[in-house]
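Taking our numbering, the leading residue of the sequence shown gets 16, the next gets one more, and so forth.
Worksheet: the structure to be examined is printed underneath.
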Amino acid sequence: MRLRALLENDALGLRLLGGEDELDRTVRGVMTTDLKDPSRYLSGGELVLTGLAWRADPSDAEPFVRILASAGVAALAAGEAELGDIPDDLVQACSRHRLPLFAVNESVAFATITEHVVRQVSGERAGDLAAVVDRHRRLMTSGPAGGGPEVVLDLLGSDLDLRAWVLSPTGRQIAGAGEPLESGLAATLAGEHLAATRTGRRGPHRLSLAGVTYSLFPIRNTGRGPAPASRDVRETVLSDWLLAVEADAGDWPAARLDLLQGVTQLIAVERDRRDAARTVRRRLAQEVLELVQTGAAPAEIAARLRVAAPVLLPGLGTAPHWQVVVARVDWEQEAGQGTPVDGGPVAQALLEEILVDPATVGAESADRIAVAHSGDEAIALVPLAAAPLPDSEDEGPATALGLHADVLLAAVRAPLSSGLADDGRLTLGVSAAVHSAEGLRGALEEARHARRVAAARPGRVCAAGHHELASHVLLLPFVPDDVRRAFTARLLDPLRDYDRRHRAELIPTLEAFLDCDGSWTRCATRLHLHVNTLRYRVGRIEQLTGRDLSRLEDKLDFFLALRMS
């Protein structure tokens with residue numbers, strides 16, 4: 016608003032004392048102060064209200080006005096309640112510094128002026144921002160992007176004093192204005208959003224953490240019209256972005272809610288544009304996958320990999336190593352529920368997000384990941400710039416060792432579990448790194464086997480890596496449940512019954528004895544027992560089960576029974 020608009024409102028009780036030529040200045044805020052030096056609280060453009068309590072003698076006026084002028088305030092309004100007429104020394108100081116000066120009638124409270132200015136400025140800012148949002152939407156739907164989500168988030172901060180962030184469904188920050196969200200907080204917000212979406216609650220969803228309220232807005236439309244009403248939420252819940260705003264939207268007027276809806280649609284347009292840019296990488300992955308699955312010659316696969324390498328790792332001088340990651344999202348289907356959800360595209364979008372380092376900020380960080388989908392599976396072709404180093408101790412997702420299944424899901428397991436709710440499962444398998452086209456078929460099969468191992472485990476989000484395929488761990492999940500129960504009961508139930516009746520701790524003794532490779536001395540030391548006491552317990556185990564713990568076969572049976580129990 017302009018200064019002259021203040022004089023047009025009689026209810027404000029303002030009288031102009033100087034600065035008539037400066038009345039076209041813009042008022043961006045209001046501040047009340049009686050400090051001699053209020054500079055630390057000024058940012059420019061304010062209407063400063065003062066009761067003149069800072070003025071002890073006429074010499075105080077000059078430094079006070081000089082401070083205001085240097086800070087770029089719009090004008091000074093002095094109250095007449097304390098001193099009556101405004102002192103001439105203040106009028107003259109304002110004239111020297113070209114600072115407009117108003118007198119405030121003693122019958123008018125500063126709160127009345129403050130409320131009027133704040134209401135006018137907020138309304139104008141919201142209108143200005145709405146116009147900017149609309150202009151950017153038109154630009155982004157018809158031409159190059161106008162700076163991306165960061166531009167409109169900056170506007171939310173500067174014009175509406177709203178801190179906001181765009182987050183992926185795993186809680187990774189896509190864009191933000193100012194300080195980034197702490198990763199744990201971002202994951203919590205994403206999980207709450209996914210859980211609320213799955214229960215059918217309408218956004219914005221509100222959440223209070225550590226005394227701060229956040230409002231979560233879904234970013235699900237592309238700005239080109241609403242999504243079909245019949246669309247199953249499970250098709251998009253694990254891939255949609257969200258807008259997190261540090262504010263309580265529960266008491267917002269409809270105009271502000273509509274404005275934020277426009278912001279989400281604007282960001283969705285940019286999301287749609289960036290997804291379209293993934294088409295080339297997805298097509299490369301699909302072509303390689305088809306060649307591998309149809310048994311094409313290694314030379315043909317190698318040629319296709321040479322095309323993919325510069326796209327995924329620009330500037331790399333030598334051919335990279337590759338890993339294959341297979342993911343699958345399965346939804347339980349109740350009778351009469353309608354058409355089953357196609358898990359392939361869901362897993363594809365989700366895998367593209369999971370394979371990005373959670374600490375990476377920005378949407379472009381997924382530009383080096385090629386993911387295809389075949390049926391209900393999503394298959395990622397991941398380039399590694401360095402050769403595998405078996406002795407490396409670094410287990411981060413971007414090391415020379417490549418990707419690790421547990422590390423991949425550690426940061427995203429909690430929010431994704433909220434999105435999967437009680438009817439979905441995500442399973443993921445990771446291959447070892449290979450350095451040639453000849454090894455790619457084996458890597459694909461290895462990743463698929465690892466995913467099946469993960470699928471045999473309990474939990475909504477499970478992963479397994481290639482290192483687990485060379486162990487008995489691979490075999491145990493595929494033992495039928497009835498066989499597993501019968502096997503463990505036959506060997507361990509007599510020991511459990513004896514422990515329950517006599518508190519003898521035969522099961523813990525058996526576990527320690529096997530873990531010590533049958534060493535009497537080491538096992539007795541671990542259990543803090545005399546060797547003779549240990550021999551007595553082992554003898555009782557053999558008597559109850561009819562087995563001999565000096566025989567390798569019986570040791571192995573006990574070991575497997577303990578692992579399956």
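From the three backbone atoms N, C-alpha and C, an ideal C-beta is built for every residue, glycine too.
How many angstroms separate the CA atom of residue i from the CA atom of residue j?
i, j, result
"ASP39", "LEU196", "40 Å"
"LEU424", "ALA436", "17 Å"
"SER580", "ALA420", "24 Å"
"SER451", "GLU461", "15 Å"
"SER170", "ALA86", "One detail in the question is off: residue 170 reads as Leu in this sequence, not Ser. When rounded, the distance between both Cα atoms is 23 Å."
"LEU459", "VAL339", "6 Å"
"ALA387", "LEU304", "8 Å"
"ALA429", "ILE282", "25 Å"
"PRO241", "ARG113", "Legend: pLDDT at PRO241 = 42, less than 50; position of this residue unreliable, value from coordinates given subsequently. Roughly 54 Å separates the two Cα atoms."
"GLY94", "VAL167", "39 Å"
"GLU520", "ASP514", "6 Å"
"ILE82", "LEU370", "54 Å"
"LEU175", "PRO233", "20 Å"
"ALA447", "PRO184", "27 Å"
"VAL295", "ALA323", "9 Å"
"VAL123", "ASP75", "25 Å"
"GLU392", "GLY193", "38 Å"
"PRO405", "ASP530", "With a pLDDT of 44 at PRO405, under the threshold of 50, the modelled position of this residue cannot be trusted; read the value that follows with caution. Going by the C-alpha atoms only, they are around 26 Å apart."
"LEU177", "ALA264", "11 Å"
"PRO159", "ARG297", "Because PRO159 carries a pLDDT of 39, less than 50, the predicted location of this residue cannot be relied on, and no value is offered for it."
"LEU567", "TRP535", "16 Å"
"CYS538", "ASP563", "17 Å"
"ARG475", "ARG293", "28 Å"
"LEU571", "VAL252", "46 Å"
Residue i lies in the beta strand (DSSP E); which residues open and close that run?
i, result
"LEU441", "439 to 445"
"ASP530", "Premise fails: ASP530 lies in the alpha helix (DSSP H), 521 to 530, not in any beta strand (DSSP E)."
"GLU61", "61 to 65"
"SER389", "385 to 389"
"ALA84", "Looking at the DSSP string, ALA84 is not in any beta strand (DSSP E); the run it does join, the alpha helix (DSSP H), is 76 to 86."
"ASP421", "That residue, ASP421, is in no beta strand (DSSP E); its alpha helix (DSSP H) goes 420 to 425."
"ALA259", "256 to 260"
"ALA93", "90 to 94"
"VAL119", "116 to 119"
Find the nearest neighbour of residue i within the set the options, judged by alpha-carbon distance.
i, options, result
"ARG286", "GLU165, LEU171, ALA362", "GLU165"
"GLY655", "VAL340, ARG440, VAL344", "Missing from the structure shown is residue 655; the chain here goes from 16 to 580 and no further."
"LEU507", "VAL260, LEU577, ILE82", "LEU577"
"GLN363", "ILE384, GLU526, ILE128", "ILE384"
"SER433", "PRO509, ALA210, ASP391", "ALA210"
"ILE128", "GLN276, ALA92, GLY265", "ALA92"
"PHE528", "HIS208, ASP25, PHE573", "PHE573"
"VAL449", "LEU443, ALA470, LEU418", "LEU418"
"ARG472", "LYS51, LEU32, LEU443", "LEU443"
"LEU441", "VAL284, VAL422, CYS477", "CYS477"
"ASP266", "TYR229, HIS481, ARG249, ARG289", "TYR229"
"ASP357", "GLY439, VAL468, GLY390, VAL326", "GLY390"
"GLU261", "ALA292, VAL227, ASP290", "VAL227"
"LEU431", "SER534, ASP52, ARG213", "ARG213"
"GLY66", "VAL361, THR48, SER54", "THR48"
"LEU105", "LEU542, LEU224, ARG70, TYR551", "ARG70"
"LEU575", "GLY99, ALA311, ARG499, VAL422", "ARG499"
"VAL133", "VAL80, GLU61, GLN188", "GLU61"
"GLU37", "HIS208, SER110, ARG187", "SER110"
"PRO509", "PRO398, GLN558, HIS545, ASP100", "GLN558"
Residue range of the alpha helix (DSSP H) that residue i falls in?
i, result
"TYR513", "496 to 517"
"SER12", "Given that the chain is displayed from residue 16 to residue 580, the structure contains no residue 12 and the question cannot be resolved."
"LEU459", "455 to 470"
"ARG578", "567 to 579"
"ALA270", "269 to 292"
"CYS538", "535 to 542"
"CYS109", "103 to 111"
"LEU435", "428 to 435"
"GLY480", "Per DSSP, GLY480 belongs to no alpha helix (DSSP H); it is in the beta strand (DSSP E), 476 to 480."
"PRO398", "First-last for PRO398: 392 to 399, but that is the beta strand (DSSP E), not the alpha helix (DSSP H)."
"GLY554", "546 to 560"
"ARG321", "313 to 327"
Assuming residue i and residue j make a contact with CB atoms under 8 Å, what is their CB distance in whole Å?
i, j, result
"VAL88", "VAL63", "5 Å"
"ALA259", "LEU231", "6 Å"
"PHE125", "ALA90", "Going by Cβ atoms, the distance from PHE125 to ALA90 rounds to 14 Å, so no, they are not a contact pair."
"VAL181", "GLY191", "7 Å"
"ALA342", "LEU365", "7 Å"
"VAL1", "GLY28", "Residue 1 lies beyond the stretch modelled for the chain, which goes from 16 to 580, so this question has no answer here."
"ARG466", "ALA479", "7 Å"
"VAL468", "GLU453", "Contact flag wrong, Cβ pair sits at about 24 Å."
Subject >> Complete alpha helix (DSSP H) runs within the segment 170 to 222 (minimum length 4 residues, chain order) >> reply: 198 to 213
**OP:** Jot down the residue ranges of each uninterrupted beta strand (DSSP E) in the segment 24 to 55, minimum 3 residues, whole runs only, in chain order.
**Re:** 29 to 33, 44 to 47
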